[in-house]
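J.: First the structure, which I've put down as structure tokens, then a few questions once you've had a look.
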Amino acid sequence: MFEDLTKGLNDPQREAVLHTEGPLMIIAGAGSGKTRVLTQRTAHLIKKGINPFSILLLTFTNKAAGEMRERIEKVVGHDARAIWMGTFHSVFAKILRFEAKSLGFTSDFSIYDTDDSKSLLKSIIKERGLDDKVYKPNVVFNRISGAKNRLVSADAYLADPIIQADDAAARLPEIGRLYKLYVDRCFKANAMDFDDLLFNTNILFRDFPDVLNKYQHKFKYVMVDEFQDTNVSQYLITRKLAAIHENICVVGDDAQSIYAFRGANIQNILNFEKDYPGLTTIRLEQNYRSTKTIVEAANSVIARNKRQLRKEVYTENESGQLIEVIKAASDVEEGRLVATSLFEEKLNNGLINSDFAVLYRTNSQSRAFEESLRKLNIKYRIVGGLSFYQRREIKDLLAYLRFTINQNDEEAFKRIINLPKRGIGDQTVAKIAVTAAEQNVTVWDVVANIQHYNAGRSASAIEGFSDLIKSFKLMIDKKDAYEVASHVAKASGILKELYEDKTVEGLSRYENVQELLNSIKQFVDNQDNEDKSLGAFLQTVSLLTNADESDEDGDNDRVTLMTIHQAKGLEYKVVYIVGLEEDLFPSQMMLQSSDDLEEERRLFYVAITRAEKRLYLTYAETRYQYGRLKPCEPSRFMDEIDGKYIHLSRAAARRMAEMQRSTERPTPAAFLRNVASKAAQNGGSQEKRTPPTRSATPQSTHVPSPDFRASDPRKLASGQRVEHQKFGYGTVKLISNDQNGAKAVIQFDNQGEKTLLLGFAKLRIVE
DNA sequence: ACGAGTGCAGTTTTT
DNA sequence: CTGCACTCGT
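Structure (structure tokens):
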């Protein structure tokens, strides 16, 4: 009967599809056909006669949900639309809208993004008279977020002696108080942040058993994709929901857990067996995606991790080619070598742009690749970076819309009260806030009734603003989201201001706003959306992610540039993992803050297993950081990967050979370090010659740092001599000071021409 | 109230 | 190099 659904599946895959009753854990190795199993399993449930309304499928991105829905729809047709599907955040935001009243929110509550949260925290920190350089909003936010993800409330936070001792030791004893104030302010603003969506769902289910009961009966089948990346808060929600039927199916791979930094708990997957004694565990260990070389190389990397479930990923695919290592002199050269290699791959193997991905650890690494790809006329797209919805002009318009819906939204208010400039300055805003606090009313109450207060010069401007918002409010029940939004864009003056800005930037801002309006139009025209109100649009828009952004229509044949985190779940024929340098990947931050090399290694594992046919690993010997060139060492990951799967690219091998021919010659990195230490000595002696003006403060004692940035030639004594040194494949010259500072020239043997900036100095690469 | 000019700190990954 | 916060003059 279900043969059509399980055709072509291997045994464990078939078992996973057909096992529908009772708790099930699917440990799915990379490339083991996990998504296929999940879609077939869901289709199977529906074909069995299960009401799609009673199936809940939680995915990692909304895009993944959309794609999965499409695939299910192909099997079961229209029924697929009724499945509850989406990210934890979007699904439970929806439920919280329904149940908002129970928690004292209204269904119009705003969702604060990370910027809103940090900005609110900053206000609170300042209001309390604390120094925001000590209480950095970033740090405070992370502490609060971490607590929420562990379901520690503000009161529990303050009452916990261990946490308090921690904060005291970090000399940040006020964090608990700030947490409490922050929660209060969010509540007053009728707003929830990302973590609240999960935290409050837990509260809702804890304090309102009848509500919980309703959803427990509704969702007879619960599935969680990417289970290894759920946090405690998310896990508890699913466990509660599945408590009656216990038809809970989680799919994950502990080796691919890469979101510990945001509270994901690998322990969830390890504890699942304890929580469900009757658990069936199915392992999908056959990889269908990658060549044997790639699978085994990935295994050799992950094998170094101690904390992991036993699992053996194998493949019956062919061995394929060895992994190539490309070594570049600088990040710019890295970009060029990757682009060239990509070009050759295309040519030799008949591949198209969309077969390729360039994966990096940090978003800022994308630039070199953009430039080099552009030079070779290879189309690319960048995933992430500054997301569309994070752009200033977009956030501005959205703030107007948010405030129109929810006048308690303090962060939206701060954004728009004087935008465009209407003569309401900081002083006035502060006065309004104080008045509101004194009268124990909201800011909007003051603004809307400004005639009753003594507002001085700004009175008419404030009244103008309040009339504007009032006129918007009148529209929201009568008009659809698009009509309201386009009216707001015009009447607020946002569109006009951008239109009058004739700079390139202003033009693109104007286009972005138009694009936002277009997307609202699409939302309204979409037959699937029953509720076409502005409020309905806002709730979907706040939870969109980078990965959800619509692929630009038209030319989809593009090379993909993205961080490894965003590559999760994707696959490409050819993958370049770039920037494999110590402190960059593995990230210095990660190792300092949590000492978690294992998570970085899992990240490397994820990156490797994205590749189907061919994998390149690249690193540079020097790299720009804060506009300065700094020497880099190859990453420890280069040593950790089993050497028998690797060989050097021809270009790299040639260069290595040249370098060996001149063994005494240092690498460019070593030379720059040498220059650095000399400069540091110079700077140091100069520092000492300067007579201490006041007293010998500790700051004035310059400690020469081995770091290259110490070689800032503005600190060099004038008359610095020209130095040059031969290295493997070129010459570096450091030329004496002129008015512009020192100049370094690297002359490569036998290559083209480029100019680099060495922070203080021009580093001219003559190729 | 607001623009221009200066100085300083910061950069991991994301729902 | 960038973004921001702060100062100063209008």
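Note that full-length UniProt numbering has the first sequence beginning at 1, numbered continuously upward.
Beta carbons are placed, not taken as given, at the ideal position from N, Cα and C, and that holds for glycine.
All values derive from a computational prediction rather than experimental measurement.
How big is the Cα-Cα spacing for residue 407 and residue 476?
T.: Translated into positions along the first sequence, residue 407 becomes position 407. Translated into positions along the first sequence, residue 476 becomes position 476. If I take the Cα positions, the gap works out to 13 Å.
J.: Got a sec? Which residues, its chain only, sit under 7 Å from residue 25 by beta carbon, not counting five neighbours each side?
T.: As a working mapping, residue 25 is identified with position 25 in the first sequence. Answer for residue 25: 250, 272, 279 and 281, listed in chain order.
J.: Under 8 Å, with one C-beta from each stretch per pair, do the segment 52-61 and the segment 216-229 reach the 3-pair mark?
T.: The answer is yes - the segment 216-229 touches the segment 52-61, with three or more Cβ pairs under 8 Å.
J.: What is the residue span of the alpha helix (DSSP H) that residue 375 lies within?
T.: Within the first sequence, the letter at position 375 stands for residue 375. Its alpha helix (DSSP H) spans residues 366-375.
J.: My output table needs one value for residue 321: the three-state DSSP class, helix, strand or coil.
T.: Within the first sequence, numbered from 1, the residue matching residue 321 stands at position 321. If DSSP states are grouped into helix, strand and coil, residue 321 belongs with coil.
J.: Write down every uninterrupted run of the alpha helix (DSSP H) in the segment 515-592 whose length is 4 residues or greater and which is fully enclosed by it, in chain order.
T.: Listed in chain order, the complete alpha helix (DSSP H) runs (minimum 4 residues) inside the segment 515-592 are 534-541.
J.: Excluding the 5 residues flanking residue 462 on each side, which residues of the same chain have their C-beta closer than 7 Å to its C-beta?
T.: In the first sequence, the residue the question calls residue 462 occupies position 462. Counting only Cβ-Cβ distances below 7 Å, and skipping sequence neighbours, we find 424, 447, 450 and 455.
J.: Does the Cβ-Cβ distance between residue 394 and residue 516 come in under 8 Å?
T.: Taking the first residue of the first sequence as 1, we reach residue 394 at position 394. Taking the first residue of the first sequence as 1, we reach residue 516 at position 516. In contact: residue 394 and residue 516 (Cβ atoms closer than 8 Å).
J.: Compare the beta carbon distance of residue 193 and residue 117 with 8 Å and say whether it is the shorter of the two.
T.: Counting from one through the first sequence, the residue named residue 193 turns up at place 193. Counting from one through the first sequence, the residue named residue 117 turns up at place 117. Going by C-beta atoms, residue 193 is nearer than 8 Å to residue 117.
J.: Does the pairing of the segment 487-500 with the segment 367-379 give three or more beta-carbon distances under 8 Å?
T.: Flag = no, the segment 487-500 and the segment 367-379 do not touch.
J.: Specify the secondary structure class of residue 643 as computed by DSSP and reduced to three states.
T.: The count along the first sequence starts at 1 and reaches residue 643 at position 643. In the structure shown, residue 643 sits in a helix (DSSP, three-state: H, G or I).
J.: Where does residue 87 fall in DSSP's three states?
T.: Here residue 87 refers to the residue found at position 87 when the first sequence is read from its first residue. Three-state DSSP puts residue 87 in a strand.
J.: Can you tell me where the alpha helix (DSSP H) holding residue 630 begins and where it ends?
T.: Translated into positions along the first sequence, residue 630 becomes position 630. First-last for residue 630: 628-631, but that is the beta strand (DSSP E), not the alpha helix (DSSP H).
J.: Could you tell me which uninterrupted alpha helix (DSSP H) segments, each at least 4 residues in length, are contained entirely in the segment 209-234, listed from first to last along the chain?
T.: Complete alpha helix (DSSP H) runs here, min 4: 209-218.
J.: Considering only residues of the segment 89-173, which uninterrupted alpha helix (DSSP H) runs meet the minimum length of 4 residues and lie entirely inside it, listed in chain order?
T.: With a minimum length of 4 residues, the continuous alpha helix (DSSP H) runs that stay inside the segment 89-173 are 114-127, 137-149, 154-159 and 161-169.
J.: Whose CA, out of 311, 380, 317 and 319, lies closest to the CA of residue 343?
T.: Working through the first sequence from its first residue, we reach residue 343 at position 343. Closest option to residue 343, Cα to Cα, is 380.
J.: Does the segment 157-166 come close enough to the segment 242-258 that 3 or more CB-CB pairs lie under 8 Å?
T.: Segments in contact, no.
J.: Identify whether residue 252 lies in helix, strand or coil by the three-state DSSP scheme.
T.: What you label residue 252 is simply residue 252 of the first sequence in a count that begins at 1. It is a strand residue.
J.: Is it the case that the segment 614-624 contacts the segment 328-338, given that we only count it when at least three CB pairs across the two stretches are under 8 Å?
T.: They touch, by the three-pair rule.
J.: What is the C-beta distance between residue 410 and residue 120, in whole angstroms, given that I count them as a contact (C-beta under 8 Å)?
T.: For the purposes of this step, residue 410 is taken as the residue at position 410 of the first sequence. For the purposes of this step, residue 120 is taken as the residue at position 120 of the first sequence. Rounded, the Cβ-Cβ distance is 7 Å, consistent with contact.
J.: What does DSSP give as the partner residue(s) for residue 58 in the beta ladder?
T.: In the first sequence, counting from the first residue as 1, residue 58 sits at position 58. Partner(s): 86 and 224.
J.: At the level of alpha carbons, what is the spacing between residue 608 and residue 557?
T.: Stepping through the first sequence from its first residue, residue 608 is reached at position 608. Stepping through the first sequence from its first residue, residue 557 is reached at position 557. Taking the straight line joining both Cα atoms gives about 22 Å.
J.: Does the count of Cβ pairs from the segment 280-296 and the segment 585-600 closer than 8 Å reach three?
T.: Because the criterion of three Cβ pairs below 8 Å is not met, the segment 280-296 and the segment 585-600 do not touch.
J.: Given a cut-off of 8 Å, decide if residue 287 and residue 31 are closer than it, judged by their beta-carbon atoms.
T.: Position 31 of the first sequence, counting from 1, holds the residue named residue 31. Position 287 of the first sequence, counting from 1, holds the residue named residue 287. Yes; because the gap between Cβ atoms is below 8 Å, this pair is in contact.
J.: Taking its Cβ as the centre, do 16 or more other Cβ atoms sit within 10 Å of residue 63, making it buried, or is it exposed?
T.: For the purposes of this step, residue 63 is taken as residue 63 along the first sequence, with counting starting at 1. It counts as buried.
J.: Which parts of the segment 426-472 are runs of the alpha helix (DSSP H), unbroken and 4 residues or longer, counting only runs that do not cross its ends?
T.: Complete alpha helix (DSSP H) runs here, min 4: 426-439 and 443-448.
J.: In the DSSP output, which residue or residues are listed as bridge partners for residue 193?
T.: Against the first sequence, residue 193 aligns to sequence position 193. According to DSSP, residue 193 bridges with 112.
J.: With DSSP collapsed to three states, give me the class of residue 277.
T.: Here the question's residue 277 lines up with position 277 in the first sequence. DSSP places residue 277 in coil when its eight states are reduced to three.
J.: Closer than 8 Å is the cut-off here; do at least three beta carbon pairs connect the segment 595-604 with the segment 612-620?
T.: Verdict: no, contact absent.
J.: Does residue 581 pass the burial test, meaning 16 or more other C-beta atoms within 10 Å, or should it be called exposed?
T.: Counting from one through the first sequence, the residue named residue 581 turns up at place 581. Answer is buried; the Cβ neighbour count reaches 16.
J.: Quick one: what does DSSP say residue 634 is sitting in, helix, strand or coil?
T.: Within the first sequence, numbered from 1, the residue matching residue 634 stands at position 634. Correct three-state label for residue 634: strand.
J.: Buried or exposed, going by whether 16 or more other CB atoms sit within 10 Å of the CB of residue 594?
T.: As a first step, residue 594 is located in the first sequence; it is residue number 594 there, counting from the start. Looking at its Cβ environment, which holds fewer than 16 other Cβ atoms inside 10 Å, residue 594 is exposed.
J.: Return yes when the Cβ of residue 76 is within less than 8 Å of the Cβ of residue 46, no when it is not.
T.: What you label residue 46 is simply residue 46 of the first sequence in a count that begins at 1. What you label residue 76 is simply residue 76 of the first sequence in a count that begins at 1. Yes. Within cutoff.
J.: Short of 7 Å in beta carbon distance, which residues of its chain neighbour residue 267, apart from the five on each side in sequence? Order them along the chain.
T.: Counting from one through the first sequence, the residue named residue 267 turns up at place 267. Cβ within range, chain order: n/a, list empty.
J.: From the DSSP secondary-structure annotation, give me the bridge partner or partners of residue 327.
T.: Taking the first residue of the first sequence as 1, we reach residue 327 at position 327. Beta-bridge pairing links residue 327 to 619.
J.: Out of 350, 297 and 302, which one is the CA nearest neighbour of residue 258?
T.: In the first sequence, the residue the question calls residue 258 occupies position 258. Of the listed residues, the one whose Cα sits closest to residue 258 is 302.
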